Amino acid sequence: MPRKPVCLGALALLSLLLPEGAAASGASELGSTLPAWSALPFVGILLSIALFPLLAPHFWHRHYPKVSLAWGLLLAVPFVLIYGEPAMYSLAHMAIVDYVPFLILIGTLFTIGGGILIRGSMRGSPPVNAVLMVIGTTLASVIGTTGAAMLLIRPLLRANRHRRHRAHTVVFFIFVVANIGGALTPLGDPPLFLGFLHGVPFQWTLGLWREMLLVAAVVLGAFVAVDTVLWRRESPEVRQVPAGIREPLRVDGWHNFLLLGGVLGAVVVSGLWHVGEVSLLGVHQQVQSFMRDGILLVLAATSWLTTSNALRTENEYSWGPIKEVAILFAGIFATMIPALLMLGAGEHGALAFIIRAIHTPGQFFWATGALSSFLDNAPTYLTFLQTALGRLYPGMLERQ
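Numbering (this note's numbering), first residue to last: 2 to 401.
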């Protein structure tokens, strides 16, 4: 686990020594006083994530925790020293409202999805590959892109392991299952869950089903065309069904589907059932949000305790991906605070030129798409959500 959330929590704990209202009020005023260059650590960590794996892969895989920590401290230390309690409040607010719930959801879906293993003999022909991708795209908005990817990537790889031309299957799988398929619910994709945490209704994205179907159909059609051409280039030995005993299709760890249903229910109920508010480290948070996170942790623990280690080993499950997400997003969420505050200030912030430049739906579409194509879509979502809010409701801090 990364050290940064602990550090930020310790800093935010100091805010209890000062009046709670003053911290929130001071944080809301930071957006109009922060200089534009305070967003540079945010730009720096995003560029590091985008470029280091390509330009210096060995360095990145060994030292990415240090890179994330360095960018985070470069922001957090002077931010707290210069702006004091409002800065600590902003750090605590980001950790409690965004980072921790985000990490809990991702970790829960990863743990439960990693406990499901699809067995059976499948030949990676274009029809079989297309069916697997359609299933994954359909499931992604229900069990999340993380859960759908964990469930189906291994069967897809096993089905195509005998093929010479197979790299494209993973590329298209990422397109349709890990991205497009999660567009219909906040559970489907992490950025949409962040929007849900900031007050976007759970059912709002369901209205995008036509657009989602169109894009999915176009990409799947392109995949079938490419896969068919490459399939015909395979040797006859690869294309013919092998003789011998075929393993029937079956699912091990099926009880984890019930747990995934529990995840869906917990998230939906947290958006519909309003219990009240509590204050933690001076940050107001909905009681049902804490209840949702607690239920998700229980579901993850249940999956871990009721799924055999042998099954997870066969599924090649490891904590590596979640560890990387936790470390990198600790740095991302910390460094993005000044950018969000300045954008939230609207015309009164140092990033007012962005507010003025991006205001039509088409401009939002192309700007977010361009950034998401090489940077992570979660910070892109929050950045442009704050841009829109800064334009319509400048100076507002809480968006719950």
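For every residue, glycine included, the Cβ atom is placed at its ideal position computed from N, Cα and C. Keep in mind the model is a prediction, meaning the values are calculated, not measured.
Per the C-alpha coordinates, the member of H59, T147, L55 and A88 positioned closest to P322 is T147. Distance from the Cα of T170 is smallest, within the candidate group L55, V239, S374 and L157, for L157.
Beta-bridge pairing by DSSP links S49 to no other residue.
Counting other Cβ atoms within 10 Å of its Cβ, Q364 stays below 16 and is therefore classed as exposed.
With respect to the 8 Å criterion, L344 and I356 are classified as neighbours on the basis of their beta carbons. For the pair P339 and L35, the CB atoms are nearer than the 8 Å cut-off.
R162 is the residue among R162, L265, S304 and F291 whose C-alpha sits nearest the C-alpha of E235. Here G108 has A301 and I323 as same chain residues with Cβ atoms under 7 Å from its own Cβ, once five neighbours each way along the sequence are excluded.
By the criterion of a C-beta distance shorter than 6 Å, T229 is surrounded in its chain by P127, once the five residues flanking it on both sides are discounted. Around the beta carbon of R293, 16 or more other beta carbons sit within 10 angstroms, so the residue counts as buried. Of the other Cβ atoms in all chains shown, fewer than 16 fall within 10 Å of the Cβ of N310; this residue is therefore exposed. Residue range V288 to T307 is occupied by the alpha helix (DSSP H) that includes Q289, with no beta strand (DSSP E) assigned at that position.
For D228, the enclosing alpha helix (DSSP H) covers residues W210 to R233. DSSP lists D253 as the bridge partner or partners of L118. Cβ atoms of I175 and L153 stay farther apart than 8 Å, at about 12 Å. Nearest to G277 by C-alpha distance, out of Q289, G45 and S142, is Q289.
Straight-line spacing of the CA atoms in T139 and V252 works out to 18 Å. The Cβ atoms of M134 and F173 lie closer than 8 Å to each other. For L281, no alpha helix (DSSP H) run applies; the uninterrupted beta strand (DSSP E) run containing it begins and ends at E278 to L281, by DSSP.
Note on F111: 16 or more other CB atoms within 10 angstroms of its CB, so buried under the neighbour-count rule. By the Cβ test, the region 86-101 is in contact with the region 279-286, since at least three Cβ pairs between them sit closer than 8 Å. In this structure I328 is in contact with P66, their Cβ atoms being roughly 5 Å apart against a cut-off of 8 Å. For E248, there is no enclosing alpha helix (DSSP H), as DSSP gives it neither H nor E. Spanning the alpha carbons of F334 and L297 requires a straight line of approximately 21 Å. In the DSSP assignment, I181 falls outside any alpha helix (DSSP H), carrying neither H nor E.
L56 and I359 have their C-alpha atoms spaced approximately 31 Å apart. Taking S33 as reference, the option from L48, Y84, V68 and P79 with the minimal CA-CA separation is Y84. DSSP, reduced to helix, strand and coil, places V284 within a strand of the structure shown. The three-state reading of DSSP puts T361 in coil, since its state is none of H, G, I, E or B. DSSP, read as helix, strand or coil, puts Q387 in helix. Counting along the chain, Y318 sits inside no alpha helix (DSSP H), nor does DSSP assign it H or E at all. A direct Cα-to-Cα measurement between L250 and F60 gives close to 42 Å.
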